[in-house]
Amino acid sequence: MKSFTGKTLRWEWREGVIELTLDHAPANEIGSAMLAELEQFVVASGALAPETSVCIISSARKSVFSAGADLRELYRGAAPLPEKERLAGIRNFLERIHAVLNKLDAAPFVTIAAVHGVCFGGGLELALACDIFIADKMARFAFPELRLGLIPGFGGIPRLKRDLGNAFVRDLLFTGRTVNAARAQAVGLVAQLAGEGEALRIARSTAAQIAKFDAVTRAAAKKFIKPVPHDELRREIDLFCELFARPAVMAALKKFVEDSGPMPYLP
Amino acid sequence: MRTLEQTTQEVLDLAAKHFQLPAGSLAPADDFFKKLGIDSLQTLEMLSRIENHFGIELPDYEVQGVSDFRTLAERIQSRL
Numbered sequence: 026m027k028s029f030t031g032k033t034l035r036w037e038w039r040e041g042v043i044e045l046t047l048d049h050a051p052a053n054e055i056g057s058a059m060l061a062e063l064e065q066f067v068v069a070s071g072a073l074a075p076e077t078s079v080c081i082i083s084s085a086r087k088s089v090f091s092a093g094a095d096l097r098e099l100y101r102g103a104a105p106l107p108e109k110e111r112l113a114g115i116r117n118f119l120e121r122i123h124a125v126l127n128k129l130d131a132a133p134f135v136t137i138a139a140v141h142g143v144c145f146g147g148g149l150e151l152a153l154a155c156d157i158f159i160a161d162k163m164a165r166f167a168f169p170e171l172r173l174g175l176i177p178g179f180g181g182i183p184r185l186k187r188d189l190g191n192a193f194v195r196d197l198l199f200t201g202r203t204v205n206a207a208r209a210q211a212v213g214l215v216a217q218l219a220g221e222g223e224a225l226r227i228a229r230s231t232a233a234q235i236a237k238f239d240a241v242t243r244a245a246a247k248k249f250i251k252p253v254p255h256d257e258l259r260r261e262i263d264l265f266c267e268l269f270a271r272p273a274v275m276a277a278l279k280k281f282v283e284d285s286g287p288m289p290y291l292p
Numbered sequence: 438m439r440t441l442e443q444t445t446q447e448v449l450d451l452a453a454k455h456f457q458l459p460a461g462s463l464a465p466a467d468d469f470f471k472k473l474g475i476d477s478l479q480t481l482e483m484l485s486r487i488e489n490h491f492g493i494e495l496p497d498y499e500v501q502g503v504s505d506f507r508t509l510a511e512r513i514q515s516r517l
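Chains as they are written, first to last, in this note's numbering: chain A, 26 to 292; chain B, 438 to 517.
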């Protein structure tokens, strides 16, 4: 299979480059439907790996790469359940998304996140599994999870910590604020800045350059410089589930789901 | 160094251009949420537009609760 169109995303392999496009209204929230299609994607891209040099992940939605986990689905699914089932459900979801992102993180080809607009929470965690960020100058990044009484759960802290200094990691985490693309480039999160609407074009041009190099060397270099922090990722799942068990989290989720204000990601 | 009046005017011009409104159609005391009817994504776009224009960072929590252009300009001015 060299192309796929699903309910939340589509992808196509062409001349050694896979383009994965997130397209799930309203804001590419990562819920059960997108997770299932991402699971299919990592299996298919694994099969295509020997003939793939680069995978580009981008969004077809206006003003957003991904707003993160589908908190509305999470709240509606979890609220009616007894605590034990609720925790089992969230752990299962986390194990599955971690498996997807770990495969993406360790893929033998180079992965590029071509980001525009909002890239928050789980959306940022998806991008952090990639090797290179190319960001539109209107992109914004945030880890707003602490407002819910949670930590990022899709591998965000271990991967951000792997790549960046703790000053920025703690600023993002403890304030929940959003940062612009210029700041993200200054701290080393973003590799290349693009003009408005140009991130995908620049990602394609970068992919063409990357494809010129030897595949074996490229894969070896990636494995050497970007180890997957498996131990910390495991601990993140445990800590997330421990925090998720507290009643305050469901109350915060309810407040978020009902909030129609201009900054719902801030408490 | 810009004056507060200059900053306010630049914010009004930026907002008018971003939301494709006629120049001069916005005033410093206008409530931009009511006047422009903007949602959370548009709020973030405007924040990026302002930060890129002025070359500053404006943390969200410093503009949380701000709804008029004049107060927004004061927050920007404190970062210039």
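Don't be surprised by glycine CBs; every beta carbon is placed ideally from N, CA and C.
Taking the straight line between their C-alpha atoms, what separation do you get for residue i and residue j?
i: proline 107 (chain A); j: glycine 114 (chain A); result: 11 Å
i: isoleucine 513 (chain B); j: alanine 131 (chain A); result: 42 Å
i: alanine 85 (chain A); j: leucine 47 (chain A); result: 6 Å
i: alanine 219 (chain A); j: glutamate 110 (chain A); result: 45 Å
i: serine 504 (chain B); j: phenylalanine 269 (chain A); result: 34 Å
i: threonine 475 (chain B); j: aspartate 468 (chain B); result: The residue you asked about is not threonine; residue 475 (chain B) is isoleucine in the sequence shown. Going from the Cα of isoleucine 475 (chain B) to the Cα of aspartate 468 (chain B) covers about 11 Å.
i: proline 51 (chain A); j: leucine 478 (chain B); result: 11 Å
i: glycine 492 (chain B); j: leucine 484 (chain B); result: 12 Å
i: leucine 185 (chain A); j: proline 254 (chain A); result: 11 Å
i: arginine 486 (chain B); j: alanine 453 (chain B); result: 12 Å
i: valine 274 (chain A); j: arginine 101 (chain A); result: 13 Å
i: alanine 466 (chain B); j: valine 500 (chain B); result: 15 Å
i: lysine 247 (chain A); j: alanine 277 (chain A); result: 39 Å
i: threonine 242 (chain A); j: arginine 208 (chain A); result: 32 Å
i: leucine 189 (chain A); j: glutamate 223 (chain A); result: 25 Å
i: phenylalanine 158 (chain A); j: isoleucine 43 (chain A); result: 16 Å
i: arginine 121 (chain A); j: glutamate 62 (chain A); result: 12 Å
i: alanine 460 (chain B); j: phenylalanine 470 (chain B); result: 18 Å
i: serine 230 (chain A); j: isoleucine 81 (chain A); result: 11 Å
i: threonine 445 (chain B); j: proline 252 (chain A); result: 48 Å
i: glutamate 267 (chain A); j: alanine 240 (chain A); result: 42 Å
i: lysine 279 (chain A); j: proline 75 (chain A); result: 46 Å
i: valine 79 (chain A); j: arginine 187 (chain A); result: 22 Å
i: cysteine 144 (chain A); j: threonine 480 (chain B); result: 14 Å
Here's a check: name, in chain order, each residue in its chain whose Cβ is nearer than 8 Å to the Cβ of residue i, leaving out the five neighbours to either side.
i: alanine 69 (chain A); result: Met26, Phe29 and Trp36
i: histidine 490 (chain B); result: Glu447 and Leu451
i: glycine 142 (chain A); result: Ser84, Arg86, Lys87, Ser88, Val89, Phe90, Asp161, Met163, Ala164 and Arg165
i: glutamine 65 (chain A); result: Phe29 and Gly31
i: histidine 49 (chain A); result: Lys32, Thr33, Leu34, Ala58, Met59 and Arg86
Among residues of its own chain, excluding the 5 on either side of residue i, which ones have a beta-carbon nearer than 6 Å to its beta-carbon?
i: glutamate 54 (chain A); result: Ala92 and Asp95
i: alanine 58 (chain A); result: Lys32 and Thr33
i: tryptophan 38 (chain A); result: Lys27 and Leu73
i: glutamate 257 (chain A); result: Pro183
i: glutamine 12 (chain A); result: Past the edges of chain A, shown from 26 to 292, lies residue 12 (chain A), and the structure says nothing about it.
i: alanine 154 (chain A); result: Leu126, Leu129 and Asp130
i: arginine 116 (chain A); result: Cys266
Taking C-beta pairs closer than 7 Å, name the residues in chain B that residue i reaches, listed in chain order.
i: methionine 163 (chain A); result: Glu482 and Ser485
Interface residues of chain A around residue i at Cβ under 9 Å?
i: leucine 478 (chain B); result: Pro51, Ala52, Lys87, Ser88, Val89, Ala92, Gly142 and Val143
i: glutamate 447 (chain B); result: Here the premise fails: no neighbours, minimum Cβ distance about 17 Å.
Closer than 8 Å by beta-carbon distance: list the chain A residues that pair up with residue i, in chain order.
i: glutamate 494 (chain B); result: Val204, Asn205 and Arg208
Are residue i and residue j touching if we call contact CB-CB under 8 Å?
i: phenylalanine 199 (chain A); j: leucine 171 (chain A); result: yes
i: serine 83 (chain A); j: alanine 228 (chain A); result: yes
i: histidine 123 (chain A); j: isoleucine 262 (chain A); result: yes
i: lysine 128 (chain A); j: glycine 41 (chain A); result: no
i: glutamate 271 (chain A); j: glycine 174 (chain A); result: For the record, residue 271 (chain A) in the displayed sequence is arginine; it is not glutamate. Taking 8 Å as the Cβ cut-off, arginine 271 (chain A) and glycine 174 (chain A) qualify as a contacting pair.
i: alanine 139 (chain A); j: leucine 45 (chain A); result: no
i: phenylalanine 265 (chain A); j: leucine 112 (chain A); result: no
i: isoleucine 176 (chain A); j: aspartate 156 (chain A); result: no
i: methionine 438 (chain B); j: leucine 509 (chain B); result: no
i: leucine 441 (chain B); j: glutamate 488 (chain B); result: no
i: leucine 463 (chain B); j: phenylalanine 506 (chain B); result: yes
i: phenylalanine 168 (chain A); j: leucine 197 (chain A); result: yes
Check the Cβ of residue i against every Cβ in chain A and list those closer than 7 Å, keeping chain order.
i: glutamate 488 (chain B); result: Asn205
Output needed for residue i: all residues of its chain with C-beta closer than 7 Å, excluding positions within five of it in sequence on either side, in chain order.
i: phenylalanine 456 (chain B); result: Leu473
i: alanine 104 (chain A); result: Met275
i: valine 67 (chain A); result: Val125, Lys128 and Leu129
i: valine 282 (chain A); result: Leu96, Arg97 and Tyr100
With a cut-off of 8 Å, do at least 3 Cβ pairs link the stretch 87 to 105 of chain A to the stretch 234 to 250 of chain A? no
Do the stretch 179 to 196 of chain A and the stretch 208 to 218 of chain A meet, that is, are 3 or more Cβ pairs less than 8 Å apart? yes
Any contact between the stretch 491 to 498 of chain B and the stretch 196 to 211 of chain A? By contact I mean 3 or more CB pairs, one from each, below 8 Å. yes
Determine contact between the stretch 149 to 156 of chain A and the stretch 168 to 182 of chain A, defined as no fewer than three beta-carbon pairs at a distance below 8 Å. yes
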